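One structure is given here, and the rest of the page talks about it.
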């Protein structure tokens, strides 16, 4: 926590910001913040060099396996149970 009269130094993507807390405890942002990209991002000279790209090995070509598919015959059509004998009177 900052006390009245303290100066805070914040570093963000917008750059370095100097904030002074006034006697009321409110931030006094009257000081214009200087731009500071070095505190957010490392200089390019400090970064390590990326590894050199290496060519990929060609895939080995192998013959495909021979697969024989046996298709089962379809089941016979469903049969209904026999009809019961008729109870109607015979025709004359």
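In the numbering used here, the protein residues as written are 46 to 137.
Note that CB positions come from ideal geometry on N, CA and C, so glycine has one too.
None of these values were measured; they are calculated from a predicted model.
Taking just the CA atoms, how far does residue 94 sit from residue 103?
Within the chain shown, residue 103 is the residue found at index 58, counting from 1. Within the chain shown, residue 94 is the residue found at index 49, counting from 1. Computed Cα separation, rounded: 27 Å.
Express the C-alpha separation of residue 130 and residue 120 in angstroms, rounding to a whole number.
To locate residue 120, count along the chain shown from 1; it is residue 75. To locate residue 130, count along the chain shown from 1; it is residue 85. Straight-line Cα distance between these residues: approximately 29 Å.
C-alpha distance - residue 124 paired with residue 117, whole-angstrom precision:
Taking the chain shown and counting its residues from 1, one reaches residue 124 at position 79. Taking the chain shown and counting its residues from 1, one reaches residue 117 at position 72. Cα to Cα, the separation comes out at about 20 Å.
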